[in-house]
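S.K.:
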Amino acid sequence: MIEAMNGKIGRGRRAAPALMTLVASIAAACACAPSGRSPAGRAAAPDVDGAIVLALATELAGPAYSGRALGSPGGALAAELLAGRLRDAGFAVAFKDFPERVPVNSGDALLETVAPDGTTLRFEWREDFREIARGGYEGGPAEGPLFLVSDPAAPFPPGSILLVRGRLYDVEDDASYAARGAAGLVCELVGTDPARRPLWAGQAPGELVEPKSGYVKLGVSAEAFDRLASSPPGTRLRIESPLRFVDATGRDVVAARDGDGGGAEPRLVVCAHYDHVGADRDGSYFPGALDNAAGAAMAVALGEALARALPGADLAVVLTDGEEVNLSGSTAFARAPDFPLAGIAVLNLDMLGSKADLPFSVYSLGDPAGSKLARSLVAALEAAGFRAAHEAPVRNLDHTPFSLAGAGAASITEYDTADYHTKRDLPSGLSADELDRLGDALAAWALAEISGR
Ligand SMILES: [Zn+2]
């Protein structure tokens with residue numbers, strides 16, 4: 011899921027009442043009853059093994075994949091691994107490449123005050139401060155007098171580094187600050203923290219960011235902001251952002267299965283993004299276990315289960331790249347799909363299987379087909395003992411380009427913000443038991459969807 015700077019859709023972590031947990035576990039136990047052939051002879055719901063999903067998610071979140079950034083060796087390795095699994099399940103797999111321009115942390119990072127008496131005070135990267143992609147400004151060094159902004163319209167000395175409270179900061183003001191001669195901006199992060207890595211520069215999906223230079227941006231924690239704001243008069247700021255925009259090639263993994271021999275025209279596409287936000291310059295990486303190694307692993311497991319249960323059905327699994335950049339892979343695919351999208355169902359999986367006790371959010375654009383699909387997913391999740399609610403319109407997930415291309419599309423998300431886009435998003439935060447119960451519920455739902463109910 012893409013994070014929007016200072017303000018974000020979705021909700022944070024919430025504790026569930028104990029009774030709800032009890033009801034959920036009883037209902038879930040019922041949903042896990044052993045299955046065989048149904049009396050009508052139709053294939054019974056296939057079984058998804060949560061331990062296998064967790065093992066694949068753990069692999070993807072490991073060091074070999076190094077945060078799975080678009081255009082990186084780790085991203086390419088992840089595409090190969092996932093394609094191999096889907097080929098083994100009988101899918102024809104194609105790599106669909108597309109151009110993108112991505113933020114990479116390749117320069118130095120610095121935030122330092124220089125008091126009039128020459129005393130310097132250094133701040134810590136990822137603890138106190140971080141890069142900001144939003145606005146599309148290239149990083150680099152800047153130095154100037156610190157100017158605490160109390161009114162965005164008020165004048166400041168040219169060459170200043172502006173210090174802006176979160177509630178006063180609007181990304182739309184950057185152009186004006188830069189035009190009035192600010193050398194850079196340090197803003198207080200609200201609802202996010204320096205441990206997170208953002209990629210979205212603010213461009214519309216399908217557009218390449220046009221990087222701007224000469225104005226360097228950093229975000230700081232509230233605590234670091236207070237320290238900066240209490241600097242003595244005459245303090246100068248030295249800042250440097252490592253962020254550079256680099257042209258790269260994204261790679262969607264498109265797996266289709268022509269079950270009836272008449273060409274692959276699936277009624278249902280299972281979709282998940284396999285990319286994440288990459289690594290820092292020191293090589294430490296963002297594992298992205300919940301976001302979205304888990305969803306990609308679940309999409310593969312559903313593809314495998316459905317191929318076993320419905321050998322005569324057309325199926326597709328689309329694993330997108332560049333979701334974290336700008337919904338890039340889903341946008342590229344929807345522009346030139348391998349099969350017709352109008353009227354089909356697209357189930358997008360993004361952040362699933364957290365150990366935290368959270369309800370599922372089912373997101374759609376609020377269009378009739380997407381809403382209908384979302385309601386049926388909510389019902390399936392509730393029947394399996396999960397809490398779930400439909401929220402619309404929500405645009406910052408991969409269902410959006412599919413919906414705009416005429417599919418009924420919805421995303422299922424367990425929006426656990428505790429470790430969102432940080433180096434703490436590890437496989438240890440995932441639950442094999444929940445992935446197992448969720449996989450079985452989604453497989454049963456998908457089977458009914460493909461079979462026409
Ligand atoms: Zn994300």
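Numbers 11 to 463, taken from the working numbering, label the letters of the sequence shown in order.
Think of the CB as a built atom: it goes at the ideal place given N, C-alpha and C, for glycine as much as any other residue.
Per DSSP, what kind of secondary structure is H8 in: helix, strand or coil?
M.R.: In the structure displayed, the chain extends from 11 to 463; residue 8 sits before or after that span and is not available.
S.K.: Measure the CB-CB distance between A274 and F343 and report whether it falls below 7 Å.
M.R.: In this structure, F343 does not lie closer than 7 Å to A274 by Cβ.
S.K.: Beta-carbon within less than 6 Å of R21's beta-carbon, same chain only, minus the 5 sequence neighbours each way: which residues are those?
M.R.: The pLDDT assigned to R21 is 30, lower than 50, so where the model puts this residue is not dependable; a value taken from the coordinates is nonetheless given after this. Taken in chain order, the list of residues that qualify is empty.
S.K.: Looking only at its chain, what residues have a beta carbon closer than 8 Å to the beta carbon of R384, apart from the 5 residues adjacent to it on each side?
M.R.: Note that residue 384 is Ala in the sequence shown here, rather than Arg. The residues are V372, Y373, S374, H400, A402, A420.
S.K.: Can you check which of these residues, A303, A355, F139, is closest to E237 by C-alpha distance?
M.R.: Per the sequence presented here, residue 237 reads as Arg, with Glu not at that position. Residue F139 is the option with its Cα nearest to R237.
S.K.: I'd like to check one pair, A289 with S116: are the Cβ atoms closer than 7 Å?
M.R.: Contact: no.
S.K.: Along the chain, where does the beta strand (DSSP E) containing G229 start, and where does it finish?
M.R.: From DSSP, the beta strand (DSSP E) with G229 extends over 226-230.
S.K.: Just to be sure I understand the criterion: a residue counts if its Cβ is closer than 6 Å to at least one heavy atom of ligand 1. Which residues meet that?
M.R.: Those residues are M11, D301, E334, H431, given in chain order.
S.K.: In three-state terms, what does DSSP make of A451?
M.R.: Helix at A451.
S.K.: Can you give me the C-alpha to C-alpha distance between W455 and Y430, rounded to a whole angstrom?
M.R.: Cα to Cα, the separation comes out at about 28 Å.
S.K.: Mind listing, in chain order, the continuous alpha helix (DSSP H) runs of no fewer than 4 residues lying wholly within the region 185-273?
M.R.: The region 185-273 contains these whole alpha helix (DSSP H) runs: 232-239.
S.K.: Judging by CA-CA distance, which residue of A232, G244, V279, D270 is the nearest neighbour of F133?
M.R.: Comparing Cα-Cα distances from F133 to each of A232, G244, V279, D270, the minimum goes to A232.
S.K.: Only counting the same chain, and skipping five residues up and downstream in sequence, which positions put a Cβ closer than 7 Å to that of S82?
M.R.: Cβ within range, chain order: S76, G288.
S.K.: Got a sec, what are the start and stop residues for the alpha helix (DSSP H) A307 sits in?
M.R.: Element bounds for A307: 304-319.
S.K.: Between which residues of its own chain and F235 is the CB-CB distance below 6 Å, once the five residues before and five after are set aside?
M.R.: The answer, listed in chain order, is E198.
S.K.: With a threshold of 8 Å on Cβ separation, who are the neighbours of D180 within its own chain once the five nearest residues in sequence on each side are excluded?
M.R.: The residues are P162.
S.K.: Output needed for D426: all residues of its chain with C-beta closer than 8 Å, excluding positions within five of it in sequence on either side, in chain order.
M.R.: Within the same chain, D426 has close Cβ partners R23, L300, M361, S364, A366, L368, G439.
S.K.: Which residue marks the beginning of the alpha helix (DSSP H) containing T68, and which one marks its end?
M.R.: Its alpha helix (DSSP H) spans residues 60-70.
S.K.: Would A71 and A428 be called neighbours here (beta carbons separated by less than 7 Å)?
M.R.: Contact: no.
S.K.: Assuming contact is defined by CB atoms lying nearer than 7 Å, are I249 and A152 in contact in what I supplied?
M.R.: Cβ distance < 7 Å, so I249 and A152 count as in contact.
S.K.: Specify the secondary structure class of L362 as computed by DSSP and reduced to three states.
M.R.: Three-state DSSP puts L362 in coil, outside helix and strand.
S.K.: Taking its Cβ as the centre, do 16 or more other Cβ atoms sit within 10 Å of A185, making it buried, or is it exposed?
M.R.: It is exposed - the Cβ of A185 has fewer than 16 other Cβ atoms within 10 Å.
S.K.: If contact is defined by three or more beta carbon pairs under 8 Å, each pair taking one atom from either stretch, is the region 141-159 in contact with the region 107-124?
M.R.: Touching, yes.
S.K.: Where DSSP assigns a beta bridge to N115, which residues make up the other side?
M.R.: DSSP output for N115 lists L253 as bridge partner(s).
S.K.: Within the continuous beta strand (DSSP E) that includes L414, where are the two ends?
M.R.: Note, L414: premise wrong, no beta strand (DSSP E); alpha helix (DSSP H) at 409-414.
S.K.: Give, in chain order, every unbroken run of the beta strand (DSSP E) that is at least 3 residues long and sits entirely within the region 118-194.
M.R.: You should have 120-124, 130-132, 139-141, 150-159, 171-174.
S.K.: Can you check whether the CB of V103 is closer than 7 Å to the CB of A88?
M.R.: Taking 7 Å as the Cβ cut-off, A88 and V103 do not qualify as a contacting pair.
S.K.: Alpha carbon to alpha carbon, what distance is there between V200 and L178?
M.R.: Each residue's Cα considered, the two are about 11 Å apart.
S.K.: For a test of the three-state rule: what should DSSP assign to L457, helix, strand or coil?
M.R.: It is helical.
S.K.: May I ask you to list the residues that DSSP assigns as paired with P109?
M.R.: In DSSP, P109 forms a bridge with T259.
S.K.: Which residues in the same chain have their Cβ closer than 6 Å to the Cβ of A193, if we skip the five residues on either side of it in sequence?
M.R.: Taken in chain order, the residues that qualify are A152, G154, G169, I171.
S.K.: From what residue to what residue does the alpha helix (DSSP H) around E334 run?
M.R.: Here the alpha helix (DSSP H) through E334 covers 333-336.
S.K.: Put G418 into one of helix, strand or coil per three-state DSSP.
M.R.: In this structure, G418 counts as strand in the three-state DSSP scheme.
S.K.: Helix, strand or coil, according to DSSP, for G462 in the structure here?
M.R.: Coil, per DSSP.
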